[in-house]
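*Asks:*
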Amino acid sequence: MKSTWLHRHSRQALIVFCNGWGMDYRPFRHLEADRCDVLMLWDYRQMTPVADIVALAGQYAEIYLVGWSMGVWAGQRMFSPVREHFQAAIAVNGTLCPIHDRFGIPEATIAGTLRNFSEVSRDKLYLRMCRDRQGRPIFQENLPARSLAGQKEELRALLQECDCRPGKVCTPMSWWPTRMPSCRPPTSCSSGRPPIPVSSAAAIFRFTCGRVGMPFSPRRCGPGLSPRVRVESGPVIFHPDKNEVARRLKRSLATYDDNAVVQERIGARLVDLLGTCPELRFSRVLEVGCRTGLMTEKLCRRFPVETLYLNDLVAEFCDRARQRTEAAVAAAPRLLPGDIEATALPDDLDLIVSSSTLQWLRDYAGVFARFADALRAGGYLVFSFFGDGTLREIRELTGRGLQYPGLEELRGLLEGRFTVLGSESRCDELMFAEPRQVLRHLQATGVGGLGRYRWTPAGLRRFEQDYRRLFGSTRGVRLSYVSHLVAARKIGGERA
């Protein structure tokens, strides 16, 4: 553990600031504290507190603990035994389980970062931390003076030490105070904006120039205001606005077939997976998210289908898929347009199939239960969905994107109703001549990922420059898709 006094002027209040992984004092040294001394702790390779809080308690009328990112866990770990000496503890963008598949950063992600950490990946990390046009020059002038080896050693130590199993978490401190420290600075600066774009924790500092665009939400917390803390019983999954999804998809109707390269590949692979099922004839089939029928046509030409139900959020897609497949099925396809989470489902189905659609759902457990009710005993559920890592280039540069469900999460939700026959993951990379073609591709397929993102001329130029620098090669610039495919069978017997 290392420490640095950012401010030490024998003031009445002290702030102990536990920094994030890979950081040191440099990104914060240009900040001022009006009426507080500030002690910063960083580098968690050895979790031994250098600050003797008991001794400091005799020197200060008030002591506050602030943890940012990994510093929330580190502060808890170090100071929980002496928490009575702190007037308040403020958590910023961190949890007590920072490396955790449900309540933090997935362990596999941390392990991958450790394995692939380099000058290039560190540059990407710093870019994600500071995307703001005004704050980026300040941050670049004050980069942490940390070696790659030291940062990797620290991350390796955190990977070993961050243990959230029962009995491993310290007695909790009272994070998220109901009032601000008395050293609260003015609420605005010369730019007319909040002095720092974070929640209440950042109000301890006042900027001398501009602001640092750390990855926080710009929300101030005044006296008597308690930040809202949501307790989840399971994985937290971002749910996009389905009206916005439908709007983007409908706009892509005329361009979808020519641009949905990855979706067509995945659909073809799903049809191949169906070929491994014991039964190769499906009397009653429901496709969820049929789009223009790219996969539907392959399915109906390969397997005998008597009755086909077509669903899509956009009714025009259902009609396009019907036109494409009506000659390949025994009876005219039946259309079920609308949100699959609210649409009435036919019963006694042999197969429910869905390609690159289920990531838009809100209630996965509820939808899987409805699918099980609609399938006959022994019926099949075969689907694919986009996973974490999809459009990661866009997310790294803009900070905008979906949080995708995990493969193991969805496999777990199938238990009890289905037997999982197999699953696989794949990564597809598309290459484009230049970054603007990436944006056109997203618009042409309706995939989105940016929502109603507002581009400025300067912002678009910066996006293109960063995209070429970080994701470009002699072949052009890449865009990544990660897909998970699952084949399952309903429990309860087989058709004779």
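Counted from 1, the sequence shown has number 133 at position 134 by numbering that gives the first Met the number 0; the numbering is strictly sequential.
Backbone N, C-alpha and C define an ideal beta-carbon position, used for all residues, glycine too.
Note that the coordinates shown come from a computational prediction; the quantities given were computed from them, not determined experimentally.
1) Check whether the stretch 251–262 touches the stretch 289–307, taking contact to mean three or more Cβ pairs, one atom from each stretch, closer than 8 angstroms.
2) Is the CB-CB distance between F302 and L396 below 8 angstroms?
3) What would DSSP say about H29, mapped onto helix, strand or coil?
4) Could you spell out the range, first to last residue, of the beta strand (DSSP E) harbouring L380?
5) CA-CA distance, D240 and G365?
6) Taking the beta carbon of T47 as the centre, do at least 16 other beta carbons fall within 10 Å, making it buried, or is it exposed?
7) Quick check on the DSSP output: the alpha helix (DSSP H) that includes F462 runs from which residue to which?
8) Taking V65 as the reference, give the member of F382, Q75, G57, F16 with the closest Cα.
9) Taking DSSP as the reference, what is the three-state secondary structure of W20?
10) Can you list, in chain order, the residues of its chain whose CB lies under 8 angstroms from that of L154, leaving out five sequence neighbours each side?
11) For a quick check, are the C-beta atoms of V270 and V304 less than 8 angstroms apart?
12) Does the beta-carbon of T455 have 16 or more other beta-carbons within 10 angstroms, so that it is buried, or is it exposed?
13) Given a threshold of 16 other Cβ atoms within 10 Å of its Cβ, counted over all protein chains shown, does N242 qualify as buried or as exposed?
14) Using the C-alpha atoms, what's the distance from L298 back to F138?
15) Within 10 angstroms of its Cβ, does Q58 collect 16 or more other Cβ (buried), or is it exposed?
16) Shortest alpha-carbon distance to V419 belongs to which of Q358, C276, G337, R474?
17) Is DSSP giving P180 helix, strand or coil here?
18) For I14, count neighbouring C-beta atoms within 10 Å of its own C-beta (all shown protein chains included) and say buried if the count is 16 or more, exposed if not.
19) Considering just the uninterrupted stretch of the alpha helix (DSSP H) at T397, what are its terminal residues?
20) Only counting the same chain, and skipping five residues up and downstream in sequence, which positions put a Cβ closer than 6 angstroms to that of S354?
21) When you compare the CB positions of R369 and F417, do they come within less than 8 angstroms of one another, or not?
22) Compute the beta-carbon to beta-carbon distance between G378 and L350, rounded to the nearest angstrom, for a pair I have assumed lies under 8 angstroms.
23) Pull up the CB-CB distance for L484 and L272, whole angstroms please, since I reckon it's below 8 angstroms.
24) In chain order, which continuous runs of the alpha helix (DSSP H) of length 4 or greater are located wholly inside the stretch 81–119?
25) Do you know how far the Cα of L390 is from the Cα of V260?
26) If we count the other Cβ atoms within 10 Å of its Cβ and call it buried at 16 or more, is F67 buried or exposed?
27) What is the DSSP secondary structure of S282, counted as helix, strand or coil?
28) Confirm, please, whether the CB-CB distance from L309 to P345 is below 8 angstroms.
29) So, at 6 angstroms on beta carbons, what are the nonlocal neighbours of Q520 in its own chain, with the 5 sequence-adjacent residues on each side left out?
30) Against chain C, does L269 count as a neighbour if the rule is that its beta carbon must be under 8 angstroms from one of theirs?
31) Extract the residue ranges of the alpha helix (DSSP H) inside the stretch 392–447, only unbroken runs of 4 or more that lie entirely within it.
32) Check for me: the alpha helix (DSSP H) holding E152 runs from which residue to which?
33) Would you decide whether Q75 is buried or exposed? Buried here means 16 or more other CB atoms lie within 10 Å of its CB.
34) Buried or exposed for Y482, going by 16 or more other Cβ atoms inside 10 Å?
35) Buried or exposed for T324, going by 16 or more other Cβ atoms inside 10 Å?
36) With 16 other CB atoms within 10 Å as the buried threshold, where does L459 fall?
*Replies:* In brief:
1) yes
2) Here residue 302 is taken as the residue at index 303 of the sequence shown, counted from 1. Here residue 396 is taken as the residue at index 397 of the sequence shown, counted from 1. Result no, Cβ atoms of F302 and L396 do not sit closer than 8 angstroms.
3) Translated into positions along the sequence shown, residue 29 becomes position 30. H29 falls in the coil class under three-state DSSP.
4) Taking the sequence shown and counting its residues from 1, the one referred to as residue 380 is at position 381. Its beta strand (DSSP E) spans residues 374–385.
5) As a working note, residue 240 is residue 241 in the sequence shown. As a working note, residue 365 is residue 366 in the sequence shown. If I take the Cα positions, the gap works out to 18 angstroms.
6) Locating residue 47 in the sequence shown gives position 48, counting from the first residue. Counting Cβ neighbours within 10 Å, T47 comes out exposed, since fewer than 16 surround it.
7) If you number the sequence shown from 1, residue 462 lands on position 463. Residues 456–470.
8) In the sequence shown, residue 65 corresponds to position 66, counting from 1. V65 has its Cα closest to that of F16, out of F382, Q75, G57, F16.
9) Taking the first residue of the sequence shown as position 1, residue 20 is located at position 21. Residue state, collapsed to three classes: coil.
10) Here residue 154 refers to the residue found at position 155 of the sequence shown. Here the set comprises W20, G21, I109, T112, L113, F116.
11) Along the sequence shown, read from residue 1 onward, the residue named residue 270 stands at position 271. Along the sequence shown, read from residue 1 onward, the residue named residue 304 stands at position 305. Going by C-beta atoms, V270 is not nearer than 8 angstroms to V304.
12) Reading the sequence shown from its first residue, position 456 is the one you call residue 455. It counts as exposed.
13) Stepping through the sequence shown from its first residue, residue 242 is reached at position 243. By the 10 Å Cβ count, N242 comes out exposed.
14) What you label residue 138 is simply residue 139 of the sequence shown in a count that begins at 1. What you label residue 298 is simply residue 299 of the sequence shown in a count that begins at 1. When rounded, the distance between both Cα atoms is 53 angstroms.
15) Counting from one through the sequence shown, the residue named residue 58 turns up at place 59. Q58 is exposed by the Cβ-count criterion.
16) Within the sequence shown, the letter at position 420 stands for residue 419. Per the Cα distances, C276.
17) Taking the sequence shown and counting its residues from 1, the one referred to as residue 180 is at position 181. Since pLDDT at P180 reaches only 33, below the 50 mark, its modelled position is unreliable, and the value read off the structure follows with that caveat. The answer is coil: DSSP assigns P180 none of H, G, I, E or B.
18) Translated into positions along the sequence shown, residue 14 becomes position 15. Classification of I14: buried, given that the 10 Å Cβ count is 16 or more.
19) In the sequence shown, the residue the question calls residue 397 occupies position 398. Counting along the chain, the alpha helix (DSSP H) containing T397 begins and ends at 391–397.
20) Residue 354 sits at position 355 when you count from the first residue of the sequence shown. So the qualifying residues of the chain are I265, G266, L269, M294, S383.
21) For the purposes of this step, residue 369 is taken as the residue at position 370 of the sequence shown. For the purposes of this step, residue 417 is taken as the residue at position 418 of the sequence shown. No, the Cβ-Cβ distance between R369 and F417 is not below 8 angstroms.
22) In the sequence shown, the residue the question calls residue 378 occupies position 379. In the sequence shown, the residue the question calls residue 350 occupies position 351. Yes, they are in contact, since the Cβ atoms of G378 and L350 sit about 6 angstroms apart, within 8 angstroms.
23) For the purposes of this step, residue 484 is taken as residue 485 along the sequence shown, with counting starting at 1. For the purposes of this step, residue 272 is taken as residue 273 along the sequence shown, with counting starting at 1. Confirmed, about 6 angstroms.
24) 106–115
25) Looking up residue 260 in the sequence shown gives position 261. Looking up residue 390 in the sequence shown gives position 391. Straight-line Cα distance between these residues: approximately 14 angstroms.
26) Taking the first residue of the sequence shown as 1, we reach residue 67 at position 68. Per the sequence shown, residue 67 should be read as Trp rather than Phe. Classification of W67: buried, given that the 10 Å Cβ count is 16 or more.
27) If you number the sequence shown from 1, residue 282 lands on position 283. S282: strand per DSSP, three-state reduction.
28) To locate residue 345, count along the sequence shown from 1; it is residue 346. To locate residue 309, count along the sequence shown from 1; it is residue 310. No, they are not a contact pair.
29) Here the chain covers residues 0 to 495 and nothing more, so residue 520 does not appear.
30) Structure shown: chain C not included; a single protein chain is present.
31) 406–413, 434–444
32) Residue mapping note: residue 152 aligns to position 153 of the sequence shown, counting from 1. 147–160 is the span of the alpha helix (DSSP H), which, as asked, contains E152.
33) To locate residue 75, count along the sequence shown from 1; it is residue 76. Flag for Q75 reads buried.
34) Taking the first residue of the sequence shown as 1, we reach residue 482 at position 483. Before going further, note that residue 482 is Ser rather than Tyr in the sequence given. With 16 or more other Cβ atoms within 10 Å, it is buried.
35) The count along the sequence shown starts at 1 and reaches residue 324 at position 325. It is buried - the Cβ of T324 has at least 16 other Cβ atoms within 10 Å.
36) Translated into positions along the sequence shown, residue 459 becomes position 460. By the neighbour-count rule (16 or more Cβ atoms within 10 Å), L459 is not buried but exposed.
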